[in-house]
Amino acid sequence: MLVQVGGPRVQILLSRWFQIELARSMGYTAARYGHVMFPENVYEPALESAELLLDGVGKGWASRVYFSDNGSTAVEIALKMAFRKFLVDHEESVNFHINSEANIDLKVLALKGSYHGDTLGAMEAQAPSPYTGFYQQPWYKGRGIFLDPPTVSMSNGIWKVHFPAIIEADSMARHHTLFNSHAEVFEKRRDNSDLTGIYASYISQNLLTHDACVGPAFVGALIIEPVVQGAGGMVMIDPLFQRTLVKECQIRKIPVIFDEVFTGFWRLGVESAAELLQCQPDISCFAKLMTGGIIPLAVTLASEAVFTAFAGDSKLKALLHGHSYSAHAMGCAAAAKSIKWFKDPSTNLNLNSEMRLRELWDADLVHQISCHPSIRRVFQLGTLCAMELQAEGNNSGYGSLYAASLLEKLREDGIYMRPLGNVIYLMCGPLTSPHTCQHILEKVYRRLEDFSQMKTAVC
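Laid out in structure tokens, this is it:
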């Protein structure tokens, strides 16, 4: 049977072939290596995946790869790295000597609505949320300054920046709110707008307020999910705000961490979300799609300057963090295969000439959904399409069951979604054909019609 080159049928076959190749690579690796303790040793899968990472998501800024087992742990390691780098850079200004054991209170600068994992340290680096409540984490204190960020979404066909109250009060900010497409939101020329100054002032005021606090407390790291906050509600942050935030921290020599556990490896249409922000971190975390989703593995990438902060004659100055299954061979083999497969135009037919994913979600249909009376906001980017249902009071937020009846109907259509309260979202793979995405989105739109009629009848 003849098939169209690059058509949906070919993409389905390539996607299946990818799964077969992943399984084959892991099977071969398991038979060849078994379990190897990584400290003091190196072997081909770990070396190959490290080289691919440094030549890919870490290209131009990272020089080191630290392997771990999951995204939350990768964040814990990143925090350790950042705090050491901060202490080395600010040894004189914080009246601290690197060889002493002074009681220094280090905090993070982070964003409200962020999520960095469920281990205790990672939870301390995020603002209060349902994940940090007393029944979840009674030890939680929240060791940070948590800024309220401006967000971006489409509603009634219009892309708009939504400001927190403190920025909304600035009349100049209101002139920079509307866009014709999400592509305009990422344009670098926005750096020359008045909004950059407004953002910088907001950030500086928060840092200055904290500096005035009583006690030896310092902001030792910035940690953000670049562009999109995942578990916090699938919220797109204004990239200009995050770019300004990174710049303000780098000026003050505050190490910058990008938590790309969710956003990395083509999730947002590019290999690293740093490409969308058009700025680089000092440290970044990756997991999930790095192995094609077939097996757990995580990495924390670091610059040479971060690595040097751990150099010394004593082993006790090194980064004493490790796992028995650090850089486990099967995970590294899966990562190497996935990284190469996703960025090869002969195996990933979604890549365009700029090495970005073409639009996977039909723009006209997303526009229609944004105008639907049941929808408050929507955005699509890369493999992700998220939408928030119109809900008020107790029907909104993470604890909401507002979407339950809609999800039950979608299951009848073979679509299984994980809700974040009244936020629902679709995620495909980097290899999924736009035809498949459109077919799924059409089903969602039809069910939204039924959902809207049912809610209207109930009211």
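The numbering of the sequence shown is the numbering used here, which starts it at 1107 and goes up by one. Each residue gets a CB set at the ideal place from its N, CA and C atoms; glycine is no exception.
The alpha-carbon separation between N1262 and Q1474 amounts to approximately 8 Å.
CA-to-CA, the gap between A1233 and H1222 works out to about 10 Å. Taking C-beta separations shorter than 7 Å and ignoring five residues to either side along the sequence, the partners of H1288 in its chain run W1265, F1485 and L1487, following chain order. When the five nearest sequence neighbours on each side are left out, the beta carbons in the same chain lying within less than 7 Å of the beta carbon of R1373 are those of L1395, G1488, T1489 and L1490, in order along the chain. For the pair P1361 and C1355, the Cα-to-Cα distance works out to about 7 Å.
With contacts defined as CB atoms closer than 8 Å, V1258 and A1231 fail to qualify as a contacting pair.
Short of 8 Å from the beta carbon of M1278, and not among the five residues preceding or following it, lie these beta carbons of its own chain, in chain order: D1300, L1301 and I1304. Inclusion of M1132 and M1461 in the CB contact set at 8 Å is not warranted, their separation being larger than that value. An exposed status is given to V1148, since fewer than 16 other beta-carbon atoms sit within 10 Å of its beta-carbon. A residue is called buried once 16 or more other Cβ atoms fall within 10 Å of its Cβ, and A1129, having fewer, is exposed. Separation of S1178 and R1296 (C-alpha to C-alpha, rounded to the nearest whole angstrom) is 33 Å.
With 16 or more other Cβ atoms inside 10 Å of its own Cβ, I1445 counts as buried.
Judged by DSSP secondary structure, Y1172 falls within the beta strand (DSSP E) whose first and last residues are R1170 to S1174.
Going by DSSP, C1491 is part of no alpha helix (DSSP H) but of the beta strand (DSSP E) stretching over L1490 to L1495. Between the beta-carbon of D1388 and that of K1191 there is about 7 Å, and that keeps the pair under the 8 Å contact cut.
Closest by C-alpha distance to D1468, out of A1271, C1391, G1250 and H1541, is H1541. Shown here, W1265 sits in a strand according to DSSP, grouped into three states. In the displayed model, Q1335 falls within a strand according to three-state DSSP. Using a Cβ distance threshold of 8 Å, P1451 and F1347 do not count as a contacting pair. Taking C-beta separations shorter than 8 Å and ignoring five residues to either side along the sequence, the partners of I1401 in its chain run M1132, M1436, G1437 and A1440, following chain order. By the 16-neighbour rule on beta-carbons within 10 angstroms, M1342 is buried. Looking only at F1189, S1220, T1225 and T1283, the smallest Cα-Cα distance to I1210 is reached by F1189. When secondary structure is reduced to three states using DSSP, V1484 falls in the strand class. Secondary structure at M1523: coil, using DSSP grouped into helix, strand and coil. In this structure R1349 touches C1385 by the C-beta definition: roughly 5 Å separates them, less than 8 Å.
Under the DSSP definition of a beta bridge, I1330 partners with F1364. Residues E1331, P1332, V1333, V1334 and A1379 of the same chain have their beta carbon placed closer than 7 Å to that of T1369, with the five preceding and five following residues left out of the count. The Cβ atoms of M1260 and R1483 lie closer than 8 Å to each other. For the 8 Å CB-CB criterion, G1227 and L1185 form a contact. Annotated three-state conformation of T1179 is helix, per DSSP. Where T1135 is concerned, there is no enclosing beta strand (DSSP E), although the alpha helix (DSSP H) around it starts and stops at P1114 to Y1139.
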